[in-house]
Amino acid sequence: MSQSLRQIDATPSKRTYRSIIADYGLETAICELIDNAIDSWISPRKHHSLHIDVKIDVDQQAIVISDNSGGVKESELRKLISPGESSTTGDSTTIGVFGVGSKRAVVALAQHVQITTRFQTQGTYRLVYDDEWLTSESWDLPYTIVADKLPPSTTEIHLSRLRFRIDGLDLGRLQKHLSMTYAHFVEDRGIVLQLNSGAIMAHTFDTWAYPPGCAPTQFSKTLSLENTGGKIHFEITGGLICERDSDASEYGVYIYCNGRLIARAAKDAELGYMSGLAGVPHHRSSLARVIVSLTGPSKDMPWNSSKNRINFNHVVFQAIKGDIIQVVKNYAAISRRLAADFESAVQPYATGAIVAEHLAKTESIKPSRLPDIPKSRKNFKDAVFELNEKVAEEKPWVRGLYEAVVAEEILAKQKHFEQSNRLSLIILDSTVEIALKDYLANEISQPMSDDRLANLFKNRVDVHKEAEKHLQFDPAYWKKMGYFYKLRCDLIHKRAASGISDADIDSYRRVVRRLLREAFKLRFPR
Ligand SMILES: Nc1ncnc2c1ncn2[C@@H]1O[C@H](COP(=O)(O)OP(=O)(O)O)[C@@H](O)[C@H]1O
Ligand SMILES: [Mg+2]
Numbered sequence: 200m201s202q203s204l205r206q207i208d209a210t211p212s213k214r215t216y217r218s219i220i221a222d223y224g225l226e227t228a229i230c231e232l233i234d235n236a237i238d239s240w241i242s243p244r245k246h247h248s249l250h251i252d253v254k255i256d257v258d259q260q261a262i263v264i265s266d267n268s269g270g271v272k273e274s275e276l277r278k279l280i281s282p283g284e285s286s287t288t289g290d291s292t293t294i295g296v297f298g299v300g301s302k303r304a305v306v307a308l309a310q311h312v313q314i315t316t317r318f319q320t321q322g323t324y325r326l327v328y329d330d331e332w333l334t335s336e337s338w339d340l341p342y343t344i345v346a347d348k349l350p351p352s353t354t355e356i357h358l359s360r361l362r363f364r365i366d367g368l369d370l371g372r373l374q375k376h377l378s379m380t381y382a383h384f385v386e387d388r389g390i391v392l393q394l395n396s397g398a399i400m401a402h403t404f405d406t407w408a409y410p411p412g413c414a415p416t417q418f419s420k421t422l423s424l425e426n427t428g429g430k431i432h433f434e435i436t437g438g439l440i441c442e443r444d445s446d447a448s449e450y451g452v453y454i455y456c457n458g459r460l461i462a463r464a465a466k467d468a469e470l471g472y473m474s475g476l477a478g479v480p481h482h483r484s485s486l487a488r489v490i491v492s493l494t495g496p497s498k499d500m501p502w503n504s505s506k507n508r509i510n511f512n513h514v515v516f517q518a519i520k521g522d523i524i525q526v527v528k529n530y531a532a533i534s535r536r537l538a539a540d541f542e543s544a545v546q547p548y549a550t551g552a553i554v555a556e557h558l559a560k561t562e563s564i565k566p567s568r569l570p571d572i573p574k575s576r577k578n579f580k581d582a583v584f585e586l587n588e589k590v591a592e593e594k595p596w597v598r599g600l601y602e603a604v605v606a607e608e609i610l611a612k613q614k615h616f617e618q619s620n621r622l623s624l625i626i627l628d629s630t631v632e633i634a635l636k637d638y639l640a641n642e643i644s645q646p647m648s649d650d651r652l653a654n655l656f657k658n659r660v661d662v663h664k665e666a667e668k669h670l671q672f673d674p675a676y677w678k679k680m681g682y683f684y685k686l687r688c689d690l691i692h693k694r695a696a697s698g699i700s701d702a703d704i705d706s707y708r709r710v711v712r713r714l715l716r717e718a719f720k721l722r723f724p725r
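Counting from 200, one number per residue, gives the positions in the sequence shown under the numbering used here.
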């Protein structure tokens, strides 16, 4: 039985446009158009400097984007409107790959699109389309030769009848987004990118802190992809940051693909932010930052088609996932240890060198090649309790003494007390008084009776004199104790007590701890 071969007409419907513009906002759309100018400038490599000018008129609700990247040949104009058409094969380190960016972008932004382009010094051509063309059956589009020529190698895109309103706030957000997304092109390749005539400055994220033993580490390796034969250079840098942004969520993983920022401050479970790995996102891990940079054929980049997210199922992401998680986990753990002491343990170390490590093709990052997690520093109370546990077992009277030292330390740290020095003075001085009483009652070879103690303690000056007979203590300290006792009496008994400075309290604190050490062998952490 013979079968006749039939054909299906698979010409796509114009409705394709509607699906490809979904999920496109101002930032994604403008970036696609900038990407194209960068790609056209990079490949084939041009020697002139690239200028990209974005103008957004919020009064007129119109956008003009122009660039001098090269322009489009007359024979290639269809690449500007036909979905899927592209100059890139996906083998070069460009940003374009899907052949849909420019079409999605312009249609998502505007109902009226005019593209004028001049390839090198050839003629200037213009194509114009609107919603009527987008809904018509035909894919044919007329274009015109423009007598009023553009400068050579220029493309100018005019968008009007915008599909959504753009206001000043949107412009501010766009400016920030561009400064982050194209930072490396601006900084490393000298691209001039302007938004409403203001130059976009590079905003990078590599401001590291270099605390001793916890400097940033950078690993690099070349991945060879079995299925495509592509080679991708992978670089990952992990570390702590030395400046906390006003935006407390500016931490996590930053991923650049071919120089363009794709993911910013990502904290997905796939990157390690889950319990059992780096832990769920928390401000204690907010000092940890990991920057990943992938360079290779655009068709092998693990981005989504809007280039604003990583495709976690992509084979390249799967190949580097373990390494990313390892680095995230390590620095998140360091952050958790040091975050509470940021001002003293991290912030002062703003300069240093990144530790660079090379990995073989198939080698993965082992914890041993990352900094050790610093030992947890005990809080003051736990440290004091632990240091003096044994002495307290033998001499129960010392417990109240070191607890008073802890209480004063905690109280002094309370930020909401305006006059905590008054309370500190009272606690410290009472501790001295009680300590001397305990000393004379328990520690000397012939302890004093209750009656004698009661008599002696009628006058504090006498107490000091009596204790001085038994205690080998620097005379300067006795002098200081006398001075602070008087300060305390002034505070309690006089109408206008003089101010008590931080330096005074600090000095008295040291005297009290020294006294407790000499008299009872109590110990305090430095
Ligand atoms: N500003 C531009 N300058 C030069 N060529 C451009 C420009 N914008 C778009 N093109 C051409 O149009 C093609 C299609 O762009 P696009 O739809 O974004 O897909 P892709 O970037 O994936 O190639 C590009 O490959 C390029 O040839
Ligand atoms: Mg593109």
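In this text, a Cβ means the ideal position worked out from N, Cα and C, and glycines have one as well.
Using CA coordinates, which residue listed in the options is at the minimum distance from residue i?
| i | options | result |
| --- | --- | --- |
| SER239 | PRO211, SER268, ILE262 and ILE251 | SER268 |
| ASP499 | ARG712, LEU249 and GLY289 | GLY289 |
| GLY551 | PRO496, ILE220 and CYS413 | CYS413 |
| ALA518 | LYS420, VAL583, HIS311 and GLU226 | LYS420 |
| GLU593 | PHE719, ALA634, ALA544 and LYS272 | PHE719 |
| GLU556 | LEU249, VAL526, LEU368 and LEU537 | VAL526 |
| SER212 | TYR342, ILE553, GLU275 and SER281 | SER281 |
| LEU622 | ASP703, ASN654, ASN578 and HIS246 | ASP703 |
| HIS250 | GLN202, PRO243, ALA236 and ASP256 | ALA236 |
| TYR216 | SER335, CYS441, LYS657 and CYS230 | SER335 |
| ALA538 | PHE584, SER492, SER484 and GLY371 | SER484 |
| ARG325 | LEU308, GLU331, ALA346 and SER337 | ALA346 |
| ASP234 | ALA221, THR287, ARG568 and ALA606 | THR287 |
| THR315 | GLU273, THR293, GLY295 and LEU308 | GLU273 |
| ASP444 | LEU424, ARG488 and ALA477 | ARG488 |
| ALA653 | LEU639, SER644, GLN645 and ILE643 | LEU639 |
| TRP502 | SER248, GLU275 and ILE294 | ILE294 |
| THR323 | TYR682, GLY270, LYS565 and PHE656 | GLY270 |
| ARG722 | LEU586, VAL605, ILE626 and LYS668 | LEU586 |
| LEU279 | TYR684, LYS577 and PHE297 | PHE297 |
| ASP330 | LEU655, LEU493 and VAL306 | VAL306 |
| TYR605 | LYS614, TRP338, VAL590 and THR630 | In the sequence as displayed, the identity of residue 605 is Val instead of Tyr. Out of LYS614, TRP338, VAL590 and THR630, THR630 has the C-alpha closest to the C-alpha of VAL605. |
| ASP222 | LEU308, LEU392, LYS679 and ASP266 | LEU308 |
Need the endpoints of the alpha helix (DSSP H) that residue i sits in, please.
| i | result |
| --- | --- |
| TYR324 | TYR324 -> not in any alpha helix (DSSP H); beta strand (DSSP E) instead, spanning 323–329. |
| GLU608 | 598–612 |
| VAL479 | Unbroken run through VAL479: none, as it is neither H nor E. |
| GLN525 | 514–537 |
| HIS663 | 659–669 |
| ARG588 | This sequence places Glu at residue 588; Arg is not what is there. Unbroken alpha helix (DSSP H) run through GLU588: 579–593. |
| SER286 | Note, SER286: premise wrong, no alpha helix (DSSP H); not H, not E. |
| ALA304 | 300–308 |
| THR343 | Taken as a continuous stretch (DSSP letters only), THR343 belongs to no alpha helix (DSSP H), being part of the beta strand (DSSP E) at 342–344. |
| THR630 | 619–637 |
| LEU655 | 649–655 |
| LEU493 | LEU493 -> not in any alpha helix (DSSP H); beta strand (DSSP E) instead, spanning 487–494. |
Let's see if you can read the secondary structure: which residues bound the beta strand (DSSP E) around residue i?
| i | result |
| --- | --- |
| LYS430 | 430–440 |
| GLY451 | 451–456 |
| ARG709 | Unbroken run through ARG709 is the alpha helix (DSSP H), 701–719; no beta strand (DSSP E). |
| LEU460 | 459–465 |
| GLU542 | That residue, GLU542, is in no beta strand (DSSP E); it is neither H nor E in DSSP. |
| GLU556 | 554–557 |
| ASP689 | Taken as a continuous stretch (DSSP letters only), ASP689 belongs to no beta strand (DSSP E), being part of the alpha helix (DSSP H) at 674–692. |
| ASP266 | 261–266 |
To the nearest whole angstrom, what separates the beta carbons of residue i and residue j, a pair I think is in contact under 8 Å?
| i | j | result |
| --- | --- | --- |
| MET379 | ARG463 | 6 Å |
| THR632 | ARG659 | The identity of residue 632 in the sequence shown is Glu, whereas the question assumes Thr. Contact holds; Cβ gap of about 7 Å. |
| LEU373 | ILE207 | At roughly 43 Å, the Cβ-Cβ gap does not stay under 8 Å, so LEU373 and ILE207 are not in contact. |
| HIS357 | VAL263 | 5 Å |
| GLY458 | HIS376 | At roughly 16 Å, the Cβ-Cβ gap does not stay under 8 Å, so GLY458 and HIS376 are not in contact. |
| ARG687 | LEU624 | 5 Å |
| VAL491 | ILE523 | 6 Å |
| ILE533 | ILE564 | Not quite, the Cβ-Cβ distance comes to about 15 Å (not below 8 Å), so this is no contact. |
| THR353 | ARG317 | 5 Å |
| SER706 | LYS679 | 7 Å |
| GLU607 | LEU627 | 6 Å |
| ILE509 | ILE435 | That belief does not hold up - the Cβ atoms of ILE509 and ILE435 are roughly 14 Å apart, past 8 Å. |
| GLY495 | ILE454 | Their Cβ separation, rounded to whole angstroms, is 13 Å, which puts GLY495 and ILE454 out of contact at 8 Å. |
| LEU476 | ASN529 | Their Cβ separation, rounded to whole angstroms, is 11 Å, which puts LEU476 and ASN529 out of contact at 8 Å. |
Quick one: which unbroken beta strand (DSSP E) runs of 3-plus residues sit fully inside the segment 361–417? Chain order, please. Considered as a whole, the segment 361–417 harbours 391–394 as its complete beta strand (DSSP E) runs of no fewer than 3 residues, in chain order.
As a quick check of your reading: which residues have a C-beta less than 7 Å from at least one non-hydrogen atom of ligand 2, in chain order? That gives GLU231, ASP234, ASN235, ASP238, ILE294, GLY295, GLY300 and SER301.
Jot down the residue ranges of each uninterrupted alpha helix (DSSP H) in the segment 217–258, minimum 4 residues, whole runs only, in chain order. The alpha helix (DSSP H) runs lying completely inside the segment 217–258 and spanning 4 residues or more are 225–241, given in chain order.
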